[in-house]
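Worksheet: the structure to be examined is printed underneath.
In the UniProt record's numbering, the protein residues as written are 1 to 705.
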């Protein structure tokens, strides 16, 4: 009896043990990513982890063998360029890596897509190869997709949709999209998540975490690299919840709905769940389709209709690119909310000529303080001002402390050299410069923030599209108008001021001053707080050869808005500089009319610089000669381009009588002030010429007055 009772107790213990284990085995995968819960879940399923490890190891081992064989073949091929071989080797490595990630499934595809947006980490050639992962994802069967939709909506398909396409219109790493129609006739895009995806993603992240833990022990590192896997896991699991993507899309729509050139699809909230997302159908042409039409070689020479199709496709593609540049700068400078996956596959050109955005799984939110620093860095890139670029990057905490700034600057100068201007536009390919910058960033371990990479990559990919259709396309030329004009083509003085301050270090702008016989930029007038006098530079640049872009911008802008800006408080500095120039012109004409009454020595001595120096005595090297100054102002008055611009502005502003009345009043006040200043100078000149020697009128006092 005692033995039987002991056996029963042992049996009870075994049953309790197996019951406890069965509860653990039946425990579901956690909804949100938690490293401890995930580790506990897979520790009871070692066979799942072991099989996946075997699959991953064999795939990467096969890839390593292929890369090694390619390296041996390259070493046996004589007479090839080292740089070309290096780039080709990097690209081939990226292609092998792409194929490996395609074979390993959604998680690795997603990681590859993320890496493709970070050429600063992996290099431009590998990034180019991995970017093909956006377009080569195989779809999963339709019955599975329909089953998932019915499970999520808890109802048959026919309860909500009258039609869903037989084949997916697009397939991505985490899901695929079908075109459908609701019962009330709305065209929609239905995005369906791949089956069993959460288990696959969390399992792969867990394996990555195991690998990083092993690496930590081997390398004996104090920092825990498993934290990177945890961050990746949280991000990827977050993307699996389509309700979060719906919230991102709604936020992006709210932020950009008032920009008429952008189109963002609205979300059908009642048809959206964690694994199914329903949005408004975005009808439009993809950039790939437009480019294929533009580059089509099947068009026969005699077909005028097909030739017109080709020309029209090129026009639409370039318009898409221009709007893409404008959208990138709008997100950067206006809203601070950036689309986190800006590759061309997520853009559409609609029939109304707008740019449409797709896929809102991730958004990048940018702090206001970094927006203008980002603009400054872009201007420095296209200006070739590498030292200023590094200063801007340091302010954004991109350059690591202790980095040798001079050495980095020299590397950039050696790689890229001086950027030349052509018709006032930097003659440069944005993608070429970007590739060199990525190489330097990788070499010196720059900490590129996500928004910086996204904006630059977006501009570079758009330039690549445009250059394929039009080799003369310049990203910076397309970006110019959107920097200083808003969506109503109204001028922004504060944006123009920033833009010109940033660009004021260009040698070409210094040459504008030197060619005018003026002082150098180092001696240009400044405000009492040390801010560069943008109004002075604007007036000097406008009639110059390098002012072609500025004149083009003014012609593009709305005339009434320019007049409104000219009479605003923000333009006070501009009016002050204009007043001094008018005073100089009036003073010159008075002196000319008086003839010999004002000696030439007094004239040249008393004439102040147009910039408005307030020094009590001018150094002889800083004085302007009579002839050079008169020539500058006379040429300014005779400039037909400026007359045409002024005529266009006034004709546009005449539609608003109240605005014109205010403009005439401000002009009258400015002219009276300039006349008073000119008479004041004339009196000082006459006093210094005829009664200067008198002891009761000190010469220094007369000059300072």
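No residue lacks a Cβ here, since even glycine has one placed at the ideal position from N, Cα and C.
In the DSSP secondary-structure assignment, residue 364 is bridged to 338. Within its own chain, the residues whose Cβ lies closer than 6 Å to the Cβ of residue 112, once the five positions on either side in sequence are excluded, are 101, 130, 133, listed in chain order. A Cβ-Cβ contact shorter than 8 Å links residue 582 with residue 671. Its Cα nearest to that of residue 99, the residue 66 stands out among 36, 168, 66, 460. The three-state reading of DSSP puts residue 396 in coil, since its state is none of H, G, I, E or B. Counting only the Cα atoms, residue 68 lies some 10 Å from residue 62. Excluding five sequence positions before and after residue 367, the CB atoms of its chain that fall closer than 8 Å to its own CB belong to 336, given in chain order. In this model, residue 642 and residue 686 are separated by some 34 Å (Cα to Cα).
Going by beta carbons, residue 195 and residue 277 fall outside the 8 Å limit. For residue 670, the enclosing alpha helix (DSSP H) starts and ends at 657–690. Per DSSP, the unbroken beta strand (DSSP E) holding residue 175 starts and ends at 175–182. If one requires a minimum length of 3 residues, the beta strand (DSSP E) runs lying completely within the segment 166–244 are 175–182, 187–193, in chain order.
Assigned with DSSP and collapsed to three states, residue 105 falls in coil, not helix or strand.
For residue 349, the enclosing beta strand (DSSP E) starts and ends at 347–349. Under the three-state reduction of DSSP output, residue 272 falls in the coil class, being neither helix nor strand. Pairing residue 128 with residue 91 gives a Cβ-Cβ distance under 8 Å. In the structure shown, the three-state DSSP call for residue 356 is strand.
In the DSSP assignment, residue 267 is bridged to 279. Take residue 284, set aside five residues on each side of it, and the residues of its chain with a beta-carbon closer than 6 Å to its own are 348, 349, 350, 356, in chain order. In the same chain as residue 123, and ignoring 5 residues on each side of it, the C-beta atoms closer than 8 Å to its own belong to 90, 438, 439, 442, in chain order. In this structure, residue 137 and residue 171 form a Cβ contact; the two beta carbons are roughly 5 Å apart against a cut-off of 8 Å. When secondary structure is reduced to three states using DSSP, residue 262 falls in the strand class. In this structure, residue 559 lies away from residue 667, with their beta-carbon atoms at least 8 Å apart. Here the segment 177–187 does not lie against the segment 199–213, with fewer than 3 beta-carbon pairs under 8 Å apart. In the DSSP assignment, residue 161 falls within the beta strand (DSSP E) that extends over 161–164. Within a 10 Å sphere around the beta-carbon of residue 110 sit 16 or more other beta-carbons, which makes this residue buried. Sequence-distant Cβ neighbours of residue 95 in its own chain, meaning closer than 6 Å and more than five residues away, are 129. In the structure shown, residue 155 adopts coil according to DSSP, grouped into three states. 42 is the residue among 42, 18, 19, 17 whose C-alpha sits nearest the C-alpha of residue 28.
Straight-line spacing of the CA atoms in residue 245 and residue 257 works out to 17 Å. By the CB criterion at 8 Å, residue 174 and residue 240 fall inside the cutoff. Of the candidates 571, 346, 648, 386, 346 places its Cα closest to the Cα of residue 263. Bridge partners of residue 285 according to DSSP: 349. Close CB contacts of residue 400 within its chain, under the 8 Å cut and outside five residues either way in sequence, are with 444, 445, 446, 447 (chain order).
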